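Have a look at the structure below before the remarks.
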Amino acid sequence: MSQRVLMKGNEALAEAAIRAGCRYFFGYPITPQTELAAYMAKRLPKIDGCFLQAESEIAAINMVLGASAAGARVMTSSSSPGISLKTEGISYMVGSDLPALIINVQRGGPGLGGIQPSQADYWQATKAPGHGDLHILVFAPDSVQEMVDTVANAFALADEYRMPAMILADGMLGQMMEPVTLPEECGVTLPEKSWATNGHAGDARNIANSLYIDAVELESLVRARFARYAEIEEKHSQHEAYALEDAEVVVTAYGASARVAKAAVREARAKGIKAGLLRPITLWPFPKKAYEDAAKTAKSFLCVEMSMGQMVDDVRLAVGGKRPVAFYGRTGGIIPTPAEVLGEIEKQAGGTE
Amino acid sequence: MSENRDLNAVLAGFGGQGILFMGKAIAYAGLLDGREVSWLPSYGPEMRGGTANCSVCISDEQIGCPLVTEPDALIVMNRPSFEKFVSTVKPGGTVVVESSIISAKVERGDVSVYYVPATTLAEQHGLNGLANIILMGKLLEATGFSAMETMEKTMEKIVPAKKAHLIPKNIEALQLGAAY
Chain A
1 MSQRVLMKGN EALAEAAIRA GCRYFFGYPI TPQTELAAYM AKRLPKIDGC FLQAESEIAA
61 INMVLGASAA GARVMTSSSS PGISLKTEGI SYMVGSDLPA LIINVQRGGP GLGGIQPSQA
121 DYWQATKAPG HGDLHILVFA PDSVQEMVDT VANAFALADE YRMPAMILAD GMLGQMMEPV
181 TLPEECGVTL PEKSWATNGH AGDARNIANS LYIDAVELES LVRARFARYA EIEEKHSQHE
241 AYALEDAEVV VTAYGASARV AKAAVREARA KGIKAGLLRP ITLWPFPKKA YEDAAKTAKS
301 FLCVEMSMGQ MVDDVRLAVG GKRPVAFYGR TGGIIPTPAE VLGEIEKQAG GTE
Chain B
1001 MSENRDLNAV LAGFGGQGIL FMGKAIAYAG LLDGREVSWL PSYGPEMRGG TANCSVCISD
1061 EQIGCPLVTE PDALIVMNRP SFEKFVSTVK PGGTVVVESS IISAKVERGD VSVYYVPATT
1121 LAEQHGLNGL ANIILMGKLL EATGFSAMET MEKTMEKIVP AKKAHLIPKN IEALQLGAAY
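Protein sequence lines correspond, in order, to chains A and B.
Read in order, the letters of the first sequence correspond to residues 1 to 353 in the numbering used here.
Read in order, the letters of the second sequence correspond to residues 1001 to 1180 in the numbering used here.
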């Protein structure tokens, strides 16, 4: 068991990726994510890896595409406006069935927005991380430790299903320091990639491509991908249930806002209000079943986000009209306080008695 | 349960006064005590404006919100931070004021206030640049978020190797603040 150390979220993500066998990082600096790239710049050259600061986010994601096509375990990281620039490349990677890890340390938007923590890229991450019929895996850890634990899993699932994976963090999780236990640095064996374009003299050629002029061929490829998505939805959705067993008010939130929501739930419980927290850990696939189950006992749901309300749509779909779903959010870089969320919980509890 | 007290602190002052380092030291002491801790700095234009602040939490339970908006402990090292944060402290909380820089007095009667002329004290004792550590010593003594021995061990761990010769001075500054 390794030791608990105090680490900044951005740096812990980088170290976890290295320990998961990632040796290639391509990126472009942006607040509040920059420490991640800086850590990679310092470490990768010392361990036979490659850190390259590209001339833009678009160049960086295409370098990721190239390295992934060659079979490398590769990643990039950015923050909201930078992720927008990467969406073309992400779509091309999905269309070429290429795995990679993309980290979004979200800040306020739209446009250049601000640099304070935000969760306003939920729609982008889960609905349209690029054009076309597509999904990518989206993880939303809520602590430095869970970010670290998510990295290896994200790489592994990305490889297994040959698709990009995203860790949707935010400026708070990236900038804060917390105690963390890092995984042992044992020799990671990367999976065999028979499809990689890394030189197959004599064998059939491997091609990484997302252009299919023949509509019938393209439809069948997309359908095959969606069959994989269905399997992922079945097998790999994750959530945390906190004090849910007898909860009448089910608060739901992910990432940084789930930390705030959990603190508010604890305070509500101390006041005798039956509140609980349902925290999605995967945003795609969305843990629908957990909401269906919670809807059986809950009287109402309260969705808390650092946005104007983006996940709340998915919550309402999952609850299926069985219970009312209220929303509370702050945006533009403001983090809601536990006291604000407690006030909303009290409103819900009062309204359901 | 730990015998040490929970802490939800805000530390604030000018960039260069060692605000963030002080926060890391407090968080590290919590780590050595085997507790849950968090440290969250202000970043971006706030810092370019010349002020720096950070939130530090220590608890036996998982830290809910690492951004502290209602601190139970506050160290302020400049006037703008004094103006901004004194009113946010919870009733019954602790305020440590760098009184060689801030001449203002806290007008609230519901918090414990300690005026420590840390920069002057540091100069008098050959501890230049360690005003932050003096104030941290006072906060430690006033709130009991950890033990002095743990805090001394912390200084040994987090003072960078290049500056290892300054560890005894850091410990002296801690004790000076605690005794003031």
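Beta carbons are placed, not taken as given, at the ideal position from N, Cα and C, and that holds for glycine.
All figures in this text were calculated on a predicted structure; none of them were measured in a lab.
Item, Value
"M308/A burial status per 10 Å Cβ neighbour count (16 or more: buried)", "exposed"
"Contacts that Q33/A makes with chain B (C-beta to C-beta distance below 8 Å)", "Here the premise fails: no neighbours, minimum Cβ distance about 11 Å."
"One or two residues paired with D170/A in a DSSP bridge", "Q106/A"
"Buried or exposed (CB count within 10 angstroms, at least 16 for buried), G1126/B", "exposed"
"Proximal residues of chain E, C-beta to C-beta of A263/A below 7 Å", "Within the model displayed, chain E is absent; protein chains A and B are what it includes."
"Beta-carbon gap between I1019/B and A1052/B smaller than 8 Å", "yes"
"Endpoints, the beta strand (DSSP E) within which F1085/B is located", "No beta strand (DSSP E) contains F1085/B, which is instead part of the alpha helix (DSSP H) from R1079 to F1085."
"Proximity to P99/A [Cα-Cα], best of A196/A, F301/A and Q348/A", "A196/A"
"Neighbourhood of Q348/A by C-beta distance below 7 Å, restricted to the same chain and skipping five residues each side", "V249, S300, L302 and A326"
"Endpoints, beta strand (DSSP E) assigned at W284/A", "T282 to W284"
"Opposing strand residues paired with Y24/A [DSSP bridges]", "C50/A and V74/A"
"Where M1/A falls, given that 16 or more other Cβ within 10 Å makes a residue buried", "Here the model assigns M1/A a pLDDT of 49, short of 50, so the residue's position is not dependable and the matter cannot be decided."
"Beta-bridge pairing of F139/A - partner residues as DSSP gives them", "I167/A and T282/A"
"is_contact[N1127/B, chain A] using C-beta, thresh 8 Å", "For the record, residue 1127/B in the displayed sequence is Leu; it is not Asn. False, the Cβ-Cβ gap to chain A never drops below 8 Å."
"Check: E192/A C-beta below 7 Å from any heavy atom of the ligand PLP", "Only the bare structure without any ligand can be found here, which leaves the ligand PLP out of the picture."
"Distance, E1156/B Cα to P1168/B Cα", "9 Å"
"Interface flag, V260/A vs chain B, CB-CB below 8 Å", "yes"
"Same chain, Cβ closer than 7 Å to M1001/B, five either side skipped, listed in chain order", "Caution applies to M1001/B, whose pLDDT of 46 falls short of 50 and renders its modelled position unreliable; the value that the coordinates give is listed next. Correct list, in chain order: D1060."
"CB contact flag (L277/A, A243/A, <8 Å)", "yes"
"Neighbouring residues, chain B, relative to L342/A (Cβ below 9 Å)", "Near L342/A there are no residues of chain B at all, since even the closest Cβ is about 11 Å away, more than 9 Å."
"Nearest candidate by alpha-carbon position, reference G27/A, set A20/A, N62/A and E15/A", "N62/A"
"Continuous alpha helix (DSSP H) stretch holding I18/A: start and end", "G9 to R19"
"Residues bridged to H239/A (per DSSP)", "P280/A"
"Cβ pair count under 8 Å reaching 3, the segment 1078-1091 of chain B against the segment 128-141 of chain A", "no"
"Chain B contact for E11/A (CB, 8 Å cutoff)", "no"
"Listed by chain order, chain A residues near S1038/B by CB distance under 8 Å", "M176, M177 and E178"
"Bridge partners - P117/A, DSSP secondary structure assignment", "R107/A"
"Contact set between Y1028/B and chain A, taken where Cβ atoms lie within less than 7 Å", "L6"
"Host alpha helix (DSSP H) of Y212/A (start-end)", "Y212/A -> no alpha helix (DSSP H), and no H or E assigned at all."
"Residue-chain proximity (I335/A, chain B), Cβ-Cβ < 8 Å", "yes"
"For C1057/B and A128/A, the rounded distance between their alpha carbons", "37 Å"
"Residue-level contact to chain B via CB, R266/A, 8 Å cutoff", "yes"
"Bounding residues of the alpha helix (DSSP H) (the contiguous stretch that carries V94/A)", "S80 to G95"
"Boundaries (first-last residue) of the beta strand (DSSP E) holding M177/A", "M177 to T181"
"Inter-stretch contact (C-beta, 8 Å, three-pair minimum) for the segment 27-40 of chain A and the segment 65-79 of chain A", "yes"
"Assumed close pair T1088/B, T1069/B - CB separation to whole angstroms, cut-off 8 Å", "7 Å"
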